[in-house]
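Its first residue numbered 952, the sequence shown is counted upward by one per residue in our numbering. One structure is given here, and the rest of the page talks about it.
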Amino acid sequence: MRIYDGSPRQDFEEVFRSIGAFLDSQNMKDVLLVEVPDGFVVQGLVTQQTDANTWTDVVATVSKETYSFLDDDIAKFMEECVGRRGTGAIAAMSPGYERAMRVLGRWMDTQKPKDVFILEQGGSYVVRLLVAGQAGVSHLLAEFTHDDIDQMVVQGPAYRAKVIGA
């Protein structure tokens, strides 16, 4: 991520948490997220309610929407997330993208990726990371089920306590 060029740490936890909050606000489902040189491209399905006149009318339409988020957009999203902290807004929401993307981002921070690709469907995630190691550059593929994500969310406070107390 270019917003962290020259920084000793890439904070995928905060970046993906903020993108997740945006996805939640748009009621997106079945999301694809790809890192590009100047930010991220996000695509997902959005359901919009329509007025039904009779019981045979369609009550909702589903459309695919695509967003390009530049580094400046990500920085703005991150500021908005920080502004919501301590307000109870996160705790009150049902487990959604903000929580899931946050814990995936924390996991990604431990992997130190050079490039990220995420595919979500039905609360499960497939993650492909480009990582550099002693053997060179390679892709790392991981899958996280809905239950895996829930478990990672539960373990979050203990992880943060360990890091803060270290």
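Where a beta carbon is used, it is the ideal one built from N, C-alpha and C, also for glycine. Everything numeric in this text was worked out from a predicted model, so none of it was measured.
Tell me which residue opens and which closes the alpha helix (DSSP H) that residue i is part of.
| i | result |
| --- | --- |
| D1066 | No alpha helix (DSSP H) contains D1066, which is instead part of the beta strand (DSSP E) from D1066 to Q1072. |
| D975 | F963 to S976 |
Would you kindly work out how many angstroms separate the C-alpha atoms of residue i and residue j, rounded to a whole number?
| i | j | result |
| --- | --- | --- |
| D1023 | D1060 | 21 Å |
| M979 | D1002 | 20 Å |
| F1020 | E986 | 10 Å |
| R1079 | T1096 | 15 Å |
| V1077 | V1010 | 31 Å |
| K1027 | S1089 | 31 Å |
| Q1000 | V1054 | 31 Å |
| K976 | V1104 | Before going further, note that residue 976 is Ser rather than Lys in the sequence given. Going from the Cα of S976 to the Cα of V1104 covers about 20 Å. |
As a quick exercise: from the options, pick the residue whose alpha carbon is nearest that of residue i.
| i | options | result |
| --- | --- | --- |
| Y1018 | E986, V992 and D1002 | V992 |
| D1066 | S976, G995 and L984 | L984 |
| G990 | A1109, W1058 and F963 | F963 |
| P1064 | G1087, V1104 and Q1072 | G1087 |
| A1123 | Q1062, G1107 and Q994 | For residue 1123 there is no data in the structure shown, the boundaries of the chain being 952 and 1117. |
| L1136 | A1083, T998, E1094 and Q1062 | Here the chain covers residues 952 to 1117 and nothing more, so residue 1136 does not appear. |
What residue range does the beta strand (DSSP E) around residue i cover?
| i | result |
| --- | --- |
| G1087 | G1087 to F1095 |
| D989 | Here D989 belongs to no beta strand (DSSP E), and DSSP marks it neither H nor E. |
| V1078 | S1075 to G1084 |
| T1017 | A1011 to L1021 |
Note down, in chain order, each residue of its chain lying with its Cβ closer than 6 Å to the Cβ of residue i, except the 5 sequence neighbours on either side.
| i | result |
| --- | --- |
| G1074 | H1097 |
State buried or exposed for residue i, treating a residue as buried only when at least 16 other CB atoms are found within 10 Å of its CB.
| i | result |
| --- | --- |
| S969 | buried |
| A972 | buried |
| G1091 | Looking at the sequence provided, one finds Leu at residue 1091 rather than Gly. Per the 10 Å Cβ criterion, exposed. |
| V1013 | exposed |
| E1049 | buried |
| G995 | buried |
Considering only residues of the same chain and omitting the five flanking positions on each side of residue i, which have a CB-CB separation below 8 Å?
| i | result |
| --- | --- |
| G1056 | D962, F963, E964, E965, V966, F967 and R968 |
Does the beta carbon of residue i sit closer than 7 Å to a beta carbon anywhere in chain D?
| i | result |
| --- | --- |
| G1073 | The displayed structure is made up of one protein chain only, and chain D is not part of it. |
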